[in-house]
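Novice: My structure is below; once you've seen it, I'll send some questions.
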Amino acid sequence: MNAMQYKITLPDDYDMSVIRNRVTTNGTKTDHFEGLLFKAYLISEKVQGAISNSYAPLYVWRESEGMNQFIFGGFYDHIIRDFGWQSVQIGIPLTLVLPENFTDAIYLTEQMIPINEQLSLIDIGKKIVHNQTLSKNSLGYLAIYNPDKWLAAVFEFYAEKPLHSTVALYEILHISTS
108 MNAMQYKITL PDDYDMSVIR NRVTTNGTKT DHFEGLLFKA YLISEKVQGA ISNSYAPLYV
168 WRESEGMNQF IFGGFYDHII RDFGWQSVQI GIPLTLVLPE NFTDAIYLTE QMIPINEQLS
228 LIDIGKKIVH NQTLSKNSLG YLAIYNPDKW LAAVFEFYAE KPLHSTVALY EILHISTS
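Here this note's numbering is used: the first residue of the sequence shown is 108, the next is one more, and so on.
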């Protein structure tokens, strides 16, 4: 299982209705995409308190073949054509809790956690997961890590806007599942 995300930072005056229309028009094209567990179409908007406007889709793949098909089979070419060359961040799922109703979520929080140099990693995965406070309003939870960057990310799905002020907040425009 693999996770991937590309974060496209957009100008402060960017008309975010362009992204909303893009997802309305094309979002269902990844519904039932082979090998995809889910894709969350995420945006952040400066007018809603975000640091910047962004389009930041988050994917979790059941196996790498689906991800390879998406990246090298022409689908990712639409991102390159419309937004230019983007880095694709890769993560290995550490914990994934997705109840059936997680697709009801319309908000997602993201917390980045550095994995600092140390003599043993035996308990680090447990600490990343257990140090997070799973809100009673959360509809799902994903923790990933990237050992190339020694960075972890924790994502939570919500049906109502959470009150967290110390984590990144995204609006979910659509969730594709297979």
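Here a beta-carbon is modelled for each residue, glycine too, at the ideal position from N, C-alpha and C.
Computed from a predicted model, the values in this text were never measured in an experiment.
1. From what residue to what residue does the beta strand (DSSP E) around Val-261 run?
2. Given this structure, state the Cα-to-Cα distance separating His-281 from Ile-222, to the nearest angstrom.
3. Find the nearest neighbour of Pro-164 within the set Phe-179, Lys-234 and Ile-197, judged by alpha-carbon distance.
4. Under a Cβ-count criterion, where at least 16 other Cβ atoms within 10 Å of its own Cβ denotes burial, should Glu-267 be classed as buried or exposed?
5. Could you say which of Val-236, Leu-246, Lys-233 and His-185 lies nearest to Asn-208 if we only look at CA atoms?
6. Buried or exposed for Ser-194, please, with buried defined as at least 16 other CB atoms from any protein chain shown within 10 angstroms of its CB.
7. Which first and last residues belong to the beta strand (DSSP E) in which Val-167 is found?
8. Could you tell me the alpha carbon to alpha carbon distance between Asn-160 and Leu-205, rounded to whole angstroms?
9. Compute the distance between the beta-carbons of Tyr-108 and Arg-169, then report whether it is under 8 angstroms.
10. Mind checking whether Val-167 and Gln-218 have CB atoms under 8 angstroms apart?
11. Once the 5 residues before and after Tyr-277 are set aside, which same chain residues still bring their CB inside 6 angstroms of it?
12. Is DSSP giving Asn-208 helix, strand or coil here?
Specialist: The answer reads as follows:
1. Here residue 261 corresponds to residue number 154 of the sequence shown, with the count starting at 1. 258-265 is the extent of the beta strand (DSSP E) around Val-261.
2. To locate residue 281, count along the sequence shown from 1; it is residue 174. To locate residue 222, count along the sequence shown from 1; it is residue 115. Those two C-alpha atoms are separated by around 31 angstroms.
3. Numbered from 1 along the sequence shown, position 57 holds the residue referred to as residue 164. The residue with the shortest Cα to Cα distance from Pro-164 is Ile-197.
4. The residue you call residue 267 lines up with position 160 of the sequence shown. Label assigned to Glu-267: exposed.
5. Residue 208 sits at position 101 when you count from the first residue of the sequence shown. Comparing Cα positions, the closest option is Leu-246.
6. Within the sequence shown, numbered from 1, the residue matching residue 194 stands at position 87. Its Cβ having fewer than 16 others within 10 Å, Ser-194 is exposed.
7. The count along the sequence shown starts at 1 and reaches residue 167 at position 60. Val-167 -> beta strand (DSSP E) spans 165-168.
8. Within the sequence shown, the letter at position 53 stands for residue 160. Within the sequence shown, the letter at position 98 stands for residue 205. The alpha-carbon atoms of Asn-160 and Leu-205 are separated by roughly 27 angstroms.
9. Working through the sequence shown from its first residue, we reach residue 108 at position 1. Working through the sequence shown from its first residue, we reach residue 169 at position 62. First, the amino acid is wrong: residue 108 is Met here, not Tyr. For Met-108 and Arg-169, yes; Cβs fall inside 8 angstroms.
10. Residue mapping note: residue 167 aligns to position 60 of the sequence shown, counting from 1. Residue mapping note: residue 218 aligns to position 111 of the sequence shown, counting from 1. It is not a contact, given that the beta carbons lie outside the stated cut-off.
11. Numbered from 1 along the sequence shown, position 170 holds the residue referred to as residue 277. Once the five neighbours on either side are set aside, the close Cβ partners of Tyr-277 are Leu-149, Ser-151 and Leu-215.
12. For the purposes of this step, residue 208 is taken as the residue at position 101 of the sequence shown. In the structure shown, Asn-208 sits in a helix (DSSP, three-state: H, G or I).
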